[in-house]
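In this note's numbering, the protein residues as written are 551 to 643.
Structure, rendered in C-alpha cells:
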C-alpha cells in the first residue's frame with residue numbers, strides 16, 4: 551500500500567472514492583436522524599447540535615466498524631497461531 555500525504559492511509563487507487571463515500575455515509579446518517587434533505591440544507595441554518603449529531607453518529611459508526619475489523623483480524627491471527635481454542639482474555643500477548 552502506497553501512503554500519500556493527501557489521505558495518509560488510503561491506497562492511491564481508492565482515494566477518488568473517499569469523499570463521495572463519506573458524503574453518502576453522512577447523508578445516510580442524517581436521514582437516520584430525521585434530516586432526509588440534509589444534502590441540500592444550508593448547514594449554517596441548522597443548530598450546531600443537529601450538525602454535531604450527524605458527525606457524532608458518523609464517528610460512532612466508524613469506530614464500531616474499526617473495532618469489528620480489529621477484532622476480526624486479531625481473532626484470525628490467534629487462530630493462525632493456534633492457541634488450542636483458549637479464550638482471547640486468557641491469551642498472553
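We treat Cβ as the ideally placed atom computed from N, Cα and C, and that holds for glycine.
Cβ distance (whole Å) where residue 607 is taken to contact residue 628 below 8 Å:
Residue 607 to residue 628, Cβ: 32 Å. No contact.
Straight-line gap, residue 599 to residue 612 (C-alpha atoms, nearest Å)
20 Å
Taking 8 Å as the threshold (C-beta atoms), are residue 588 and residue 604 in contact?
yes
Limits of the unbroken alpha helix (DSSP H) element including residue 626:
598-631
My guess is that residue 610 and residue 601 are in contact by the Cβ rule of under 8 Å, so how many angstroms apart are they, rounded?
The pair is not a contact, with the Cβ atoms about 15 Å apart (cut-off 8 Å).
Residue 573 (DSSP reduced to helix, strand or coil):
helix
When you compare only the Cα positions, how much space is there between residue 625 and residue 597?
43 Å
In this structure, how does DSSP classify residue 584 when only helix, strand and coil are distinguished?
coil
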